[in-house]
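Top to bottom, those sequences are chains V and H. Read left to right, the first sequence gives residues 1 to 141 (this note's numbering). Read left to right, the second sequence gives residues 1001 to 1141 (this note's numbering). Below is one structure; the comments refer to it alone.
Number of protein chains: 2
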Amino acid sequence: MPDPTSVAARDQASILAANRQFYEAFASGDVSAMEGLWVPDGPVACIHPGWPPLTDRTAILRSWREIMMAGPPPVRAEEAEIQMQGPGVALVLCREVIGSVTLAASNLFRQTPSGWKLAHHQASPLAPRTPTEAPKGRILH
Amino acid sequence: MPDPTSVAARDQASILAANRQFYEAFASGDVSAMEGLWVPDGPVACIHPGWPPLTDRTAILRSWREIMMAGPPPVRAEEAEIQMQGPGVALVLCREVIGSVTLAASNLFRQTPSGWKLAHHQASPLAPRTPTEAPKGRILH
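Have a look at this one:
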């Protein structure tokens, strides 16, 4: 039986492309592309920085429209790493760089008949630090 | 073919129990229980608030040991919601309450021969807000 957590090279390229397209849609404020990147049906979730979880597809897409209409940020993703979590389920961990702020992001993709689609996104800002320091500020955990 | 995103009642109870045990281990500083709650092998990730992603099991368990040795917080989880993301892969969204601070958390579980185990955790503080306000402070997205 194939290991469900291994990543075929073809899948890996498709997943990284979907992750890249997500940030391209975000940075360019492309509402239509953003809508097409999320799974069309089934469970879906999104936790923007500071926001409570959104678990309704309509509410999630509305939040992205509103964020992008307010002026999409010059965001770019770095250091993307794929983890296969099961058959047709991939977690991409990456850093989102927006100006001087860096966030840690988890993007969960599901394989659908129309390709790998976002099923869950969470991003949270990294605490300011120097290379030799632990994160500053109150450590919640 | 059964819908891979549907949740059998038995699985649902097991997944919620695993999520509860995670917060019980955290709140009681039970290092041994915490270690037993994470998947024993395969991909694993953890993003503590303000931290960069950790993707090495040894580093993740060390981080929990250090956090709990510094004094485990009186954390409790509320409003847990399960989303099946695929066969044997479940996402639990919940709120972590630590004193006056509330965080939004994503806990991804994989089904293993020894039960549902944590494969990924991310938590990020909610922005302070009143019921009628949008989140305060700079909205990164």
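Glycine residues also receive a C-beta, built at the ideal position from the N, C-alpha and C atoms. The model shown is predicted, which means the values in this text are computed figures rather than measured ones.
Identity of the residue in the options nearest residue i by Cα
{"i": "V/Ala105", "options": "V/Gln85, V/His48 and V/Ala9", "result": "V/His48"}
{"i": "H/Pro1072", "options": "H/Gly1042, H/Phe1022, H/Ser1124 and H/Phe1109", "result": "H/Phe1022"}
{"i": "V/Leu126", "options": "H/Gly1050, H/Leu1016 and H/Leu1037", "result": "H/Gly1050"}
{"i": "V/Ala25", "options": "V/Met69, V/Glu81, V/Ala90 and V/Asp11", "result": "V/Met69"}
{"i": "V/Ser100", "options": "V/Pro74, V/Val92 and V/Asp11", "result": "V/Pro74"}
{"i": "V/Glu79", "options": "V/Pro113, V/Ser63 and V/Val97", "result": "V/Val97"}
{"i": "H/Ile1082", "options": "V/Pro40, V/Ile67, V/His120 and V/Val31", "result": "V/His120"}
{"i": "H/Ala1008", "options": "H/Ser1063, H/Gln1122 and H/Met1084", "result": "H/Met1084"}
{"i": "H/Pro1113", "options": "H/Trp1064, H/Gln1122, H/Pro1040 and H/Arg1065", "result": "H/Pro1040"}
{"i": "H/Asp1030", "options": "H/Gln1122, H/Trp1064 and H/Pro1128", "result": "H/Trp1064"}
{"i": "V/Met34", "options": "V/Pro128, V/Arg62 and V/Arg10", "result": "V/Arg62"}
Check whether residue i and residue j have beta carbons under 8 Å apart
{"i": "H/Ala1045", "j": "H/Pro1052", "result": "no"}
{"i": "V/Ala13", "j": "V/Trp116", "result": "no"}
{"i": "V/Leu108", "j": "V/Trp38", "result": "no"}
{"i": "H/Ala1077", "j": "H/Ile1015", "result": "no"}
{"i": "V/Ser124", "j": "H/Ser1032", "result": "no"}
{"i": "V/Pro43", "j": "H/Pro1087", "result": "no"}
{"i": "V/Arg110", "j": "V/Leu103", "result": "no"}
{"i": "V/Ile60", "j": "H/His1141", "result": "no"}
{"i": "V/Thr55", "j": "H/Leu1093", "result": "yes"}
Residue i in three-state terms, based on DSSP
{"i": "V/Glu96", "result": "strand"}
{"i": "V/Ser114", "result": "coil"}
{"i": "H/Glu1038", "result": "It is Trp, not Glu, that sits at residue 1038 of chain H in the sequence shown. The answer is strand: DSSP assigns H/Trp1038 an E or B state."}
{"i": "V/Thr55", "result": "coil"}
{"i": "V/Gln12", "result": "helix"}
{"i": "H/Leu1091", "result": "strand"}
{"i": "V/Val101", "result": "strand"}
{"i": "V/Val44", "result": "coil"}
{"i": "V/Leu108", "result": "strand"}
{"i": "H/Ala1070", "result": "coil"}
{"i": "V/Ala123", "result": "strand"}
{"i": "V/Arg20", "result": "helix"}
{"i": "V/Lys136", "result": "With a pLDDT of only 48 at V/Lys136, under the threshold of 50, the placement of this residue in the model should not be trusted, and no figure is reported."}
8 Å Cβ cut-off: residues of chain H touching residue i
{"i": "V/Leu126", "result": "Gly1050, Trp1051 and Pro1052"}
{"i": "V/Pro43", "result": "Thr1005, Gln1083, Met1084, Gln1085 and Leu1091"}
Below-8 Å beta-carbon distance, residue i vs any chain A residue
{"i": "H/Thr1112", "result": "The structure shown contains no chain A; its protein chains are V and H."}
Per-residue contacts from residue i into chain V (C-beta, under 7 Å)
{"i": "H/Ile1067", "result": "His141"}
{"i": "H/Phe1119", "result": "Rather than Phe, the amino acid found at residue 1119 of chain H in this sequence is Ala. Near H/Ala1119 (Cβ distances below 7 Å), the residues of chain V are Gln85."}
Contact list for residue i against chain V, beta-carbon separation under 8 Å
{"i": "H/Leu1108", "result": "Gln85, Leu91 and Leu108"}
{"i": "H/Ala1104", "result": "Ile47, Trp51, Pro52, Pro53 and Gln122"}
heavy atom of the ligand PLP below 7 Å from residue i C-beta
{"i": "H/Ala1013", "result": "The ligand content of the structure shown is nil, which means the ligand PLP is not present either."}
Report task. Below 8 Å between beta carbons is the criterion; list the residues of the region 1077-1091 of chain H that meet it against any residue of chain V, in chain order. Result -> Glu1081, Gln1083, Met1084, Gln1085, Gly1086, Pro1087, Gly1088, Val1089 and Leu1091
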